[in-house]
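Residue numbers (the working numbering), protein chains in the order written: chain E, 53 to 408; chain L, 18 to 248.
As structure tokens, then:
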């Protein structure tokens with residue numbers, strides 16, 4: 053089971069150019085809005101036509117611009133989940149689920165539908181109309197409706213973005229259970245990096261229609277290959293960088309020189325570290341330890357963001373170099389210590405980005 | 018008031034028959050045109066849209082004149098009919114042609130607007146579930162556009178029923194053959210028979226009022242229905 057995609061689509065704002073292969077593990081496509089992630093999915097499903105390229109699923113060519121092959125969406129055997137569920141509002145839950153099954157015997161339709169209704173925990177709701185269901189239930193109907201056809205691939209286009217946070221987490225768990233059973237290829241499009249991290253093993257990051265990172269999720273989060281990839285994976289601390297020696301980097305925006313563990317990328321551009329990887333230490337002589345002052349703080353329910361000015365007290369609340377996240381309990385312990393504090397940039401946690 | 022027993026009711030039957038037939042044709046042609054215009058892209062689409070809507074904005078006499086040019090003895094369609102040994106001018110079919118021409122834009126416009134407001138994700142969902150374009154149209158687009166289609170049908174019928182100018186030019190006023198209620202009213206007034214005109218006016222007011230009430234009732238239903246389908 054494998055999906056191969058290598059397509060180009062000209063678009064007034066940008067040119068979408070992506071290529072990847074996906075097997076049984078869910079593949080996440082992460083990108084900001086307008087990065088081309090939804091369009092990629094629509095091209096794969098046959099709802100949009102790429103300008104050129106190739107799409108093949110399990111050795112069956114779905115699209116090949118050179119050979120002039122372009123199967124319509126109805127022949128591609130792909131399940132598609134939309135952001136707003138896209139249920140048929142004039143049909144009941146059961147009719148929605150049976151829609152794709154027409155052409156086979158009624159009894160068989162009901163048997164298959166019942167199976168998915170059970171899977172999606174929709175028992176008792178068969179005769180309801182979509183507007184009589186909650187958002188979570190609607191998305192489960194959409195999932196059942198897609199899976200009842202036993203699609204070779206399941207394409208999820210931000211399926212939880214219309215749900216509120218609590219339901220979202222619940223739906224996400226349910227989806228992961230379903231995906232664990234599912235035999236086909238799954239593509240999961242989202243702009244929510246935490247969601248993509250939880251649901252998928254492998255990730256692709258799109259920016260302006262271009263693939264800027266792809267690989268295992270841990271690898272991407274630990275060492276984003278480019279500046280944009282680092283930003284899109286939520287890294288708050290990035291500085292322009294210049295190599296000083298094979299394991300030392302001058303962080304130009306932070307006015308300091310840092311030891312790094314990672315080997316130097318070919319065209320070094322930036323050095324970065326995630327906000328929760330920074331720690332405060334007492335010992336000021338330690339490697340990669342820099343005196344710092346707090347320029348600004350910002351409270352969230354469970355943690356607090358500290359904006360640090362390095363090497364000298366801040367001129368104003370906007371002149372800061374690093375953002376650190378600490379739990380409130382920790383903050384209570386350290387907040388009354390005299391300045392300067394000392395922040396430690398662990399070489400193992402520092403990552404270097406290059407130009408592609 | 019002893020006009021009633023002598024009143025020749027044929028204009029009413031002709032009117033209803035004409036409006037009914039015109040509505041059937043309008044329904045089929047209007048929906049086909051609306052589907053085509055709503056879901057395909059081609060050069061000159063805007064121009065074609067303009068042409069389809071022309072009969073709605075032009076004076077009916079102009080529509081009648083153009084129809085005469087097309088269906089008249091020297092017109093392209095008229096020539097063909099002549100070769101087949103027939104003619105439509107000043108015959109009952111002419112009333113249908115005139116009524117259809119003026120009613121079609123209403124059906125086309127409302128149906129197209131209804132098709133275009135259907136959420137395209139829902140149509141795409143049907144496609145990914147294996148539905149052919151035909152099935153998508155008849156089982157998804159049309160049911161979700163149903164309120165708009167029905168409103169268009171009622172408007173078309175009302176417009177066809179009230180047609181005067183184009184009908185008079187193309188079909189004339191032959192009592193018992195091409196004389197519809199609006200035409201009968203005109204000639205009754207012209208002939209000084211105000212009582213007869215008055216009765217026809219009453220009848221057409223009643224029919225039109227019933228249509229408008231039906232439409233209003235339907236709009237209310239449509240509002241509820243659409244509120245559901247948009248959610």
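Glycine residues also receive a C-beta, built at the ideal position from the N, C-alpha and C atoms. This structure is a prediction, so every number in the text was calculated from the model and none was measured.
I'd like to confirm the pairing. Which residues does DSSP put opposite residue 69 of chain E in its beta bridges? According to DSSP, which records beta bridges pairwise, residue 69 of chain E is partnered with E:60, E:262.
Spatially closest choice to residue 75 of chain E from E:57, E:192, E:369, E:287, by CA coordinates: Ranked by Cα distance from residue 75 of chain E, the options E:57, E:192, E:369, E:287 are led by E:57.
Does DSSP put residue 124 of chain L in a helix, a strand or coil? Helix.
When Cβ atoms are compared, which residues of the segment 138-157 of chain E fall closer than 7 Å to chain L? Result list: 138, 140, 141, 142, 151, 152.
Residue 60 of chain E vs residue 103 of chain E beta-carbon contact at 7 Å: Yes. Within cutoff.
Is the shortest distance between the beta-carbon of residue 52 of chain L and the beta-carbons of chain E less than 7 Å? Chain E contact via Cβ: absent.
Look at the Cβ atom of residue 117 of chain E, then the Cβ atom of residue 105 of chain E, and state whether they are nearer than 7 Å. Their beta carbons are under 7 Å apart, which means residue 117 of chain E touches residue 105 of chain E by this criterion.
For residue 165 of chain L, collect the residues of the same chain with a Cβ closer than 6 Å to its Cβ; drop the 5 residues on either side in sequence, then sort them by chain order. Contacts found: 127, 131.
Under 9 Å Cβ-Cβ, which residues of chain B neighbour residue 141 of chain L? Absent from the structure: chain B. Protein chains present are E and L.
Same chain only: Cβ atoms within 8 Å of residue 66 of chain L, ignoring 5 sequence neighbours per side: In the same chain as residue 66 of chain L, and ignoring 5 residues on each side of it, the C-beta atoms closer than 8 Å to its own belong to 54, in chain order.
Under DSSP, the alpha helix (DSSP H) around residue 253 of chain E begins and ends at which residues? For residue 253 of chain E, there is no enclosing alpha helix (DSSP H), as DSSP gives it neither H nor E.
Does residue 144 of chain L get closer than 7 Å to chain E when you measure Cβ to Cβ? At a cut-off of 7 Å, the C-beta of residue 144 of chain L has a neighbouring C-beta in chain E.
Give a yes or no on whether the C-beta atoms belonging to residue 252 of chain E and residue 366 of chain E are separated by under 7 Å. Taking 7 Å as the cut-off, the beta carbon of residue 252 of chain E is found no closer than this to the beta carbon of residue 366 of chain E.
Could you work out which residue in E:134, E:221, E:320, E:306 is closest to residue 276 of chain E when comparing CA atoms only? For residue 276 of chain E, the nearest C-alpha among the options comes from E:320.
Just verifying my parser: in three-state terms, what is the DSSP assignment at residue 238 of chain E? Strand.
Buried or exposed for residue 67 of chain E, going by 16 or more other Cβ atoms inside 10 Å? Looking at its Cβ environment, which holds fewer than 16 other Cβ atoms inside 10 Å, residue 67 of chain E is exposed.
For the segment 114-141 of chain L, list every residue whose C-beta sits within 8 Å of some C-beta in chain E, in sequence order. The residues in question are 136, 138, 139, 141.
In this structure, what does DSSP give as the bridge partners for residue 396 of chain E? Answer by DSSP bridge pairing, in chain order: E:331, E:341.
Separation of residue 138 of chain E from residue 238 of chain E, as counted between CA atoms: Distance from the CA of residue 238 of chain E to the CA of residue 138 of chain E, rounded to the nearest whole angstrom, comes to 19 Å.
Would you decide whether residue 154 of chain E is buried or exposed? Buried here means 16 or more other CB atoms lie within 10 Å of its CB. When all chains shown are included, residue 154 of chain E counts as exposed.
Does the distance from the C-beta atom of residue 135 of chain E to that of residue 229 of chain E stay below 7 Å? In this structure, residue 229 of chain E does not lie closer than 7 Å to residue 135 of chain E by Cβ.
Would you identify the three-state DSSP class for residue 54 of chain E, choosing helix, strand or coil? Three-state result, residue 54 of chain E: coil.
If you run the structure through DSSP and keep just helix, strand and coil, what is residue 140 of chain E? Note: residue 140 of chain E maps to coil in three-state DSSP.
Can you give me the C-alpha to C-alpha distance between residue 184 of chain L and residue 236 of chain L, rounded to a whole angstrom? Roughly 30 Å between the two C-alpha positions.
If distances are taken between C-alpha atoms only, which option among E:131, E:240, E:299, E:398 comes closest to residue 338 of chain E? The residue with the shortest Cα to Cα distance from residue 338 of chain E is E:398.
Closest Cβ-Cβ distance between residue 76 of chain L and chain E: below 7 Å? Chain E has no Cβ within less than 7 Å of the Cβ of residue 76 of chain L.
How long is the line joining the alpha carbons of residue 326 of chain E and residue 157 of chain E, rounded to whole angstroms? If you take the alpha carbons of residue 326 of chain E and residue 157 of chain E, they lie about 57 Å apart.
Assuming residue 391 of chain E is part of the beta strand (DSSP E), what are its boundary residues? From DSSP, residue 391 of chain E is part of no beta strand (DSSP E); its letter is neither H nor E.
Could you give the distance in angstroms between the alpha-carbon of residue 72 of chain L and the alpha-carbon of residue 152 of chain E? The straight-line gap from Cα to Cα measures roughly 42 Å.
Under 8 Å by Cβ, that's how I've got residue 298 of chain E and residue 404 of chain E pegged, so tell me the actual separation to the nearest angstrom. Contact between residue 298 of chain E and residue 404 of chain E is ruled out by a C-beta separation of about 12 Å, above the 8 Å threshold.
For the alpha helix (DSSP H) that contains residue 220 of chain E, what are its first and last residues? Under the DSSP assignment, residue 220 of chain E falls in the alpha helix (DSSP H) whose first and last residues are 217-233.
9 Å Cβ cut-off: residues of chain L touching residue 197 of chain E: Within chain L, the residues near residue 197 of chain E are 142, 146.
For residue 208 of chain L, the three-state DSSP class (helix, strand or coil): In the structure shown, residue 208 of chain L sits in coil (DSSP, three-state: anything other than H, G, I, E or B).
Proximal chain L residues relative to residue 219 of chain E, where beta-carbon distance stays under 7 Å: For residue 219 of chain E, no chain L residue has a Cβ inside 7 Å of its Cβ, as the nearest lies near 16 Å away.
Can at least three beta-carbon pairs, one atom from the segment 103-111 of chain L and one from the segment 79-90 of chain L, be found at a separation below 8 Å? Contact holds: three or more Cβ-Cβ distances are below 8 Å.
Going by C-alpha to C-alpha distance, which of E:331, E:324, E:168 sits closest to residue 314 of chain E? Residue 314 of chain E has its Cα closest to that of E:324, out of E:331, E:324, E:168.
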